[in-house]
Amino acid sequence: MDTDTIRQLNDQHVVNTYGTRKLALVRGEGAKLWDAEGHEYLDFFAGIAVCNLGHCHPTVTEAICEQARTLVHVSNLYYIEQQAKLAALLCEHSFADKWFFCNGGAEANEAALKIARRYWAQQGTPKPEIVVAEQSFHGRTMATVTATGQPKYHQGFEPLLPGFHYVSYNDIDALAEAITPQVGLVMLEPIQGEGGVRVPTPGYLPAVRQLCDEKDVLLAFDEVQTGLGRTGSLFAYQNEDVVPDIITLAKGLGNGVPIGAMGCSDKVAEGFAPGAHACTFGGNPLSAAAALATFETLITPGFIEDARETGCYFIEQLLNLSKEFECIYEVRGRGLMIGVEFDRGVTPLVECMLNAGIICGPAGPMVLRFLPPLIVDRAAVDCVVAALLASLEELGW
Ligand SMILES: *Cc1c(COP(=O)(O)O)cnc(C)c1O
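Under our numbering, the letters of the sequence shown match residues 8 to 404, in that order.
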């Protein structure tokens with residue numbers, strides 16, 4: 008099918024939550040994508056930080072095919088070998104002692120919110136209120152959209168859930184003030200993604216941890232976007248040595264096969280007794296096999312270190328470029344999670360880059376965002392920076 012035919016079929020039959028799109032991408036390999044007409048693109052968005060190993064990574068593809076031939080799904084009423092192995096591997100490489108599996112980021116955060124409330128209820132000291140940050144993004148279910156500190160995502164969905172408080176991100180005094188005796192959980196992204204690639208000041212996250220300890224409040228890090236090598240270490244909490252009580256993962260976990268996970272300490276895990284929470288598909292043989300192959304590849308020595316170095320190089324090149332363009336307000340990020348804030352809306356720039364064969368995206372109205380597969384090299388970065396320079400000149404910015 009050509010793009011126009013796909014567009015017509017889609018627009019007639021699919022709920023219009025995503026608007027009109029320019030491309031129908033039909034094939035991928037590494038950091039390359041091809042559309043229905045056979046045009047080639049360099050992918051610097053990775054399906055929103057999902058395909059961290061690149062498209063159709065042979066190890067993951069092989070694992071998916073092998074598992075699809077063996078057993079795609081059984082329910083969690085039975086033990087699932089791939090899920091148990093995945094959990095053990097995640098435990099080995101993180102602070103978490105226990106994992107719960109689901110289908111994506113919002114569900115992982117739902118699990119985090121629910122386990123925190125139930126944990127305190129079980130302790131006999133109910134503290135159902137939750138503090139989150141402004142400009143945050145935690146998902147689109149009713150609880151996670153409530154946790155999302157951006158009014159544009161709330162509009163028309165009121166009444167939201169009760170018990171949520173919003174504080175300015177990167178402001179420790181505001182957080183201290185918000186933690187009343189009714190608060191049992193603080194949930195934050197270690198770097199805000201959808202909110203504009205906002206990196207907190209060094210020291211903020213350690214201060215948050217300290218505050219949560221002092222006030223006996225659980226701390227959850229939403230690492231749905233920052234986790235799994237994206238910020239130059241396996242998990243973003245390791246960048247500042249701040250250990251949360253709860254972590255959520257999704258996006259990069261299955262390299263494109265839908266899977267989410269909530270990890271926590273043994274202590275917090277007590278919050279979910281048998282029957283307290285469940286997920287039909289969560290960690291089924293197929294998704295767990297994909298995640299297992301993905302994670303094993305991700306932790307091969309040098310893989311994440313290379314991505315971190317490429318990220319440093321990319322930021323350097325963008326900083327150099329920013330010196331020549333007053334329209335660039337700030338370059339920020341960590342690893343290969345990078346945002347370039349402009350003094351104007353970036354929609355025409357994203358389009359211009361696409362016309363030049365580069366796929367990137369926005370993070371809010373003014374920030375151009377790059378989330379390439381972690382396998383990209385300096386040559387690919389050079390290509391993107393050259394296209395950005397040409398696009399800015401073409402637009403007369
Ligand atoms: C994408 C994202 C989510 C939501 O994940 P879904 O899989 O779309 O539900 C939650 N939190 C963060 C930080 C994200 O980037």
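Note that beta-carbon positions come from the ideal geometry of N, C-alpha and C, so glycine has one too.
The structure presented is a predicted model; accordingly, all values stated were derived computationally and were not measured.
Legend entry - Phe228 vs Leu195 beta-carbon contact at 9 angstroms: yes
Legend entry - Unbroken stretches of the alpha helix (DSSP H), 4 residues or longer, contained in the stretch 315–355: none
Inset, instruction - Evaluate Ser143 with the Cβ neighbour count: other Cβ atoms within 10 Å of its Cβ, from every protein chain shown; 16 or more gives buried, anything less gives exposed. - result: buried
Inset, instruction - Let me know the secondary structure DSSP gives Glu196 once reduced to three states. - result: coil
Inset, instruction - Specify the secondary structure class of Met360 as computed by DSSP and reduced to three states. - result: helix
Legend entry - Continuous alpha helix (DSSP H) stretch holding Glu400: start and end: Segment Arg385 to Leu402, the alpha helix (DSSP H) holding Glu400.
Inset, instruction - Mind checking who Val174 pairs with in its DSSP beta bridge? - result: Answer by DSSP bridge pairing, in chain order: Ala140.
Legend entry - Any non-hydrogen atom of ligand 1 within 8 angstroms of Gly236 CB: no
Legend entry - Status (buried if at least 16 other CB within 10 Å, exposed otherwise) for Leu402: exposed
Legend entry - CA-to-CA distance, Lys121 to Gln130, given in whole angstroms: 14 angstroms
Inset, instruction - Starting from Cys271, trace the beta strand (DSSP E) both ways and give me its first and last residue. - result: Gly267 to Cys271
Inset, instruction - Within the same chain, show all residues whose beta-carbon is closer than 6 angstroms to that of Phe310, passing over the 5 residues directly before and after it, in chain order. - result: none
Inset, instruction - Classify Glu136 as buried or exposed, calling it buried when 16 or more other Cβ atoms lie within 10 Å of its own Cβ. - result: buried
Inset, instruction - Return the CA-CA distance between Gly234 and Gly146, expressed in angstroms with no decimal places. - result: Roughly 16 angstroms separates the two Cα atoms.
Inset, instruction - With a threshold of 16 other CB atoms inside 10 Å of the CB of Tyr244, please say whether the residue is buried or exposed. - result: With a threshold of 16 other beta carbon atoms within 10 Å, Tyr244 meets it and is buried.
Legend entry - Buried versus exposed call for His62 [16 or more other C-beta atoms within 10 Å across all chains shown]: buried
Inset, instruction - Please work out which residues of its chain come closer than 6 angstroms, Cβ to Cβ, to Pro133, disregarding the five sequence neighbours upstream and downstream, and give them in chain order. - result: Excluding residues within five positions, the ones whose Cβ falls inside 6 angstroms are Trp127.
Legend entry - Beta-carbon separation (whole angstroms), Val152 vs Ala370, contact threshold 8 angstroms: Their Cβ separation, rounded to whole angstroms, is 18 angstroms, which puts Val152 and Ala370 out of contact at 8 angstroms.
Inset, instruction - State the Cα-Cα distance for the pair Glu358 and Val388, rounded to the nearest angstrom. - result: 18 angstroms
Inset, instruction - Inspect the beta-carbon positions of Val378 and Tyr48 and report whether they are closer than 9 angstroms. - result: One detail in the question is off: residue 378 reads as Leu in this sequence, not Val. No; because the gap between Cβ atoms is not below 9 angstroms, this pair is not in contact.
Inset, instruction - Tell me whether Val190 sits in a helix, a strand or coil according to DSSP, three-state version. - result: strand
Legend entry - Thr77 Cβ short of 8 angstroms to ligand 1 heavy atom set: It does not: the Cβ of Thr77 is nowhere closer than 8 angstroms to a heavy atom of ligand 1.
Inset, instruction - Kindly indicate the opening and closing residues of the alpha helix (DSSP H) around Phe302. - result: Pro292 to Leu305
Inset, instruction - Return the chain-ordered list of same chain residues with a C-beta closer than 7 angstroms to the C-beta of Thr238, the five sequence neighbours on each side being excluded. - result: Ile198, Asn246, Arg341, Gly342 and Met344
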